[in-house]
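Asker:
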Amino acid sequence: MAQAALASSVALLPFNRVSGGGSRWAKLIPGFSRKPGTGLWFSKSSRGKGCRFVASGAVGIGGGVAEVLEGEKAPATYSWPDKKRPRVCILGGGFGGLYTALRLESLVWPDSKKPQVLLVDQSERFVFKPMLYELLSGEVEEWEIAPRFTDLLASTGVQFFQDRVKLLRPMDHLGINAPPGSGSGGTVQLESGLLVEYDWLVLALGAEAKLDVVPGAAESALPFSTLEDALKVDNKLKALERRNFGKGSEIRVAVVGCGYSGVELAATISERLQERGIVKAINVDTTICPTAPPGNREAATKVLSSRKVELLLGYFVRNIRKSSDAEDSFRLSGNSEDPEMQKKSGPAKGFAAEDDVEKFILELQPAQRGLQSQILEADLVLWTVGSKPSLPELEPWDKPHELPLTARGQAETDETLRVKGHPRIFALGDSSALRDSDGKILPATAQVAFQQADFTGWNLWAAINDRPLLPFRFQNLGEMMTLGRNDAAISPSFIDGLTLEGPVGHAARKFAYLIRLPTDEHRIKVGMSWLAKSAIDSVASLQSTLMRVLSG
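Using my numbering, you'd call the opening residue of the sequence shown number 324 and step up by one each time.
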């Protein structure tokens with residue numbers, strides 16, 4: 324894999340994404356310098372073949388080293404800083420992965436057993452997903468809800484690599500229970516080619532949007548589950564707002580799915596567009612948020628009905644396709660004139676300003692009796708239905724080590740969050756399937772992942788120190804949803820029947836999420852930022868009120 328310097332630079336790609344390392348090695352080791360054009364540091368090896376390329380992977384305390392010799396074909400292997408202490412590899416930096424790493428840091432360890440922790444995620448930022456909607460409304464800034472991993476982990480011993488997982492080969496299925504550091508856990512191969520040996524593995528890779536269930540959805544619809552998705556939707560809305568500025572035509576947004584995500588999107592976008600657009604929310608069920616507490620559902624229904632939101636309940640999307648020709652426009656507008664003749668006489672009414680803009684056609688099929696099929700046209704289609712876990716592939720030749728998966732693709736775990744048949748692998752969040760006391764699989768929510776991270780961190784401590792593991796018990800603290808810049812609904816579980824709505828619910832939700840942010844330092848920065856914004860908004864509101872009073 325690394326027969327030349329270029330191949331070595333590719334194999335060690337993750338190290339270009341971590342802090343520290345190279346510059347410090349250059350000062351400490353004579354002859355240690357940067358390889359031109361590769362972004363890597365190297366030194367001439369006194370023994371062996373050719374040049375030995377070395378890159379530091381340290382974030383915080385300690386530094387791992389990956390090295391590859393010219394002429395070698397084996398993947399570059401990550402070298403942990405300490406050969407004796409346990410090695411914990413965490414795949415995924417969402418609520419499950421990052422908070423597990425921080426939990427491990429917070430526990431008290433015997434010096435010889437404090438684990439080395441490596442966190443791997445494909446993104447350079449942790450994303451507080453429940454607040455992605457506030458990016459669209461302008462309430463928060465990107466750094467507030469999507470801080471960089473290197474910033475969050477700067478004062479810890481956790482090391483971070485930005486990379487994707489390619490293959491997983493666990494070895495704990497063989498019944499080996501060797502002491503930590505023996506390499507009995509297994510290996511993870513990253514897409515960059517780096518091979519990571521571990522003693523304990525945590526699967527917290529989350530899930531990705533499932534767009535392949537409806538023809539045309541993958542090509543025409545935008546998901547809303549990542550920071551990149553939110554920024555793409557925001558940019559698309561800005562482009563549509565610029566296009567329609569000063570014109571009478573409306574921006575048409577179709578939201579597929581009316582669970583929490585779909586309703587929060589519909590409420591946020593309808594408030595942003597106001598009279599300049601209309602949102603059509605489509606749901607196969609006859610109600611919105613069918614699993615939500617009645618108070619949240621009623622509050623959401625009231626808000627949506629007060630804005631330009633049309634609910635199309637009892638429908639499923641049959642297909643989506645792009646429309647840039649005249650025929651769809653004429654058919655949707657009820658114009659039966661021949662398109663070629665119409666082109667000569669001018670565009671159909673209502674489409675004069677939109678001929679050069681990409682539009683989308685949604686065919687809706689009724690899921691309930693008494694409804695008629697419908698065809699919608701939209702400038703933007705948002706998809707909030709369905710997701711699939713992002714578990715890595717297993718090395719194909721060794722069948723006995725396969726992970727037990729559900730039909731949805733989640734790893735089956737026991738009550739201690741260990742994958743069944745794999746005592747050295749923990750899974751949580753979207754990657755796991757754990758049933759509650761009633762036999763139902765726990766929902767893939769941030770609240771569940773946050774609580775599971777706490778238990779996973781403790782159970783790793785217990786496993787490494789030969790102590791009994793704790794069974795996970797989910798405690799439902801209630802449910803929250805945003806409905807706009809100054810509107811939200813909260814139904815706490817500890818007070819039956821109580822729902823906080825409007826500005827009170829909005830303030831309570833924001834405070835609850837503030838204390839859930841990853842680190843104390845980040846919480847203080849964000850809290851001060853939100854407090855300053857609140858003060859500015861209050862002054863602006865007071866000035867507006869005074870102006871109205873003075874003007875009579």
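Glycine is no exception: its CB is placed at the ideal position from the N, C-alpha and C atoms.
All values derive from a computational prediction rather than experimental measurement.
At which residues does the alpha helix (DSSP H) containing residue 619 begin and terminate?
Answerer: 617 to 628
Asker: Using CA coordinates, which residue listed in 831, 606, 820 is at the minimum distance from residue 617?
Answerer: 820
Asker: So what does DSSP say about residue 483, is it helix, strand or coil?
Answerer: strand
Asker: Whole angstroms is fine: what's the gap from residue 489's alpha carbon to residue 816's?
Answerer: 40 Å
Asker: With DSSP as the reference, identify every bridge partner of residue 700, one or two as the case may be.
Answerer: 684
Asker: Looking at the unbroken beta strand (DSSP E) that takes in residue 525, where does it start and where does it end?
Answerer: From DSSP, the beta strand (DSSP E) with residue 525 extends over 523 to 526.
Asker: Beta-carbon within less than 7 Å of residue 779's beta-carbon, same chain only, minus the 5 sequence neighbours each way: which residues are those?
Answerer: 423, 525, 740, 749, 751
Asker: Which residues bound the alpha helix (DSSP H) around residue 774?
Answerer: Taken as a continuous stretch (DSSP letters only), the alpha helix (DSSP H) holding residue 774 covers 769 to 787.
Asker: My assumption, with CB atoms under 8 Å, is that residue 520 sits in contact with residue 408. Please give the rounded CB distance.
Answerer: Not quite, the Cβ-Cβ distance comes to about 13 Å (not below 8 Å), so this is no contact.
Asker: For residue 584 and residue 717, what's the separation of their Cα atoms in angstroms?
Answerer: 32 Å
Asker: Measure the beta-carbon distance from residue 809 to residue 826 and round it to whole angstroms, keeping in mind my assumption that it falls under 8 Å.
Answerer: 5 Å
Asker: Just the C-alpha distance for residue 537 and residue 474, rounded to the nearest angstrom, thanks.
Answerer: Spanning the two alpha carbons is a distance of roughly 40 Å.
Asker: Could you tell me if residue 558 is buried or exposed, where buried requires 16 or more neighbouring beta carbons within 10 angstroms of its beta carbon?
Answerer: exposed
Asker: Report buried or exposed for residue 787, applying the criterion of at least 16 other Cβ atoms within 10 angstroms of its Cβ.
Answerer: buried
Asker: Can you check the segment 707 to 764 for any beta strand (DSSP E) of at least 3 residues that lies completely inside it and give the ranges in chain order?
Answerer: 710 to 712, 748 to 750
Asker: Taking only the alpha-carbon atoms, compute the straight-line gap between residue 894 and residue 562 and give it to the nearest angstrom.
Answerer: Shown here, the chain extends from 324 to 875; a query on residue 894 therefore has no answer.
Asker: Could you tell me the distance, in whole angstroms, from the CA atom of residue 785 to the CA atom of residue 804?
Answerer: 36 Å
Asker: For the alpha helix (DSSP H) that contains residue 418, what are its first and last residues?
Answerer: 418 to 429
Asker: Sort out for me which residues DSSP pairs residue 797 with in a bridge.
Answerer: Residue 797 pairs with nothing; no bridge assigned.
Asker: If you draw a straight line from the C-alpha of residue 597 to the C-alpha of residue 744, how long is it?
Answerer: The C-alpha of residue 744 is placed about 54 Å away from the C-alpha of residue 597.
Asker: Start and end of the beta strand (DSSP E) containing residue 544?
Answerer: Here residue 544 belongs to no beta strand (DSSP E), and DSSP marks it neither H nor E.
Asker: When you compare only the Cα positions, how much space is there between residue 612 and residue 623?
Answerer: 9 Å
Asker: By DSSP's criteria, residue 558 is part of a beta bridge. Which residues make up the other side?
Answerer: Note: residue 558 sits in no beta bridge, so no partner.
Asker: Within the same chain, show all residues whose beta-carbon is closer than 7 Å to that of residue 589, passing over the 5 residues directly before and after it, in chain order.
Answerer: 578, 602, 604, 627, 632
Asker: How is residue 847 classed by DSSP in three states: helix, strand or coil?
Answerer: Here DSSP, grouped into helix, strand and coil, assigns residue 847 to helix.
Asker: By DSSP, does residue 451 sit in helix, in strand, or in coil?
Answerer: Residue 451: coil per DSSP, three-state reduction.
Asker: Mapping DSSP to helix, strand and coil, what is residue 873?
Answerer: helix
Asker: Between the alpha carbons of residue 629 and residue 637, how many angstroms are there, rounded?
Answerer: Here the alpha carbon of residue 629 sits roughly 21 Å from the alpha carbon of residue 637.
Asker: Output the boundary residues of the beta strand (DSSP E) element that contains residue 811.
Answerer: 810 to 815
Asker: Tell me whether residue 406 is buried or exposed, calling it buried when 16 or more other Cβ atoms sit within 10 Å of its Cβ.
Answerer: exposed
Asker: Just to confirm before moving on: does the CB-CB distance between residue 756 and residue 738 stay below 7 Å?
Answerer: The Cβ-Cβ distance between residue 756 and residue 738 does not fall below 7 Å.
Asker: Among 813, 548, 823, 480, which one has its Cα closest to the Cα of residue 709?
Answerer: 548
Asker: When you compare only the Cα positions, how much space is there between residue 646 and residue 599?
Answerer: 22 Å
Asker: Given this structure, state the Cα-to-Cα distance separating residue 682 from residue 704, to the nearest angstrom.
Answerer: So the alpha carbons of these two residues sit roughly 9 Å apart.
Asker: Hey, out of 401, 419, 426, 711, whose CA is closest to residue 511's CA?
Answerer: 401
Asker: First and last residue of the alpha helix (DSSP H) that includes residue 837?
Answerer: 825 to 837
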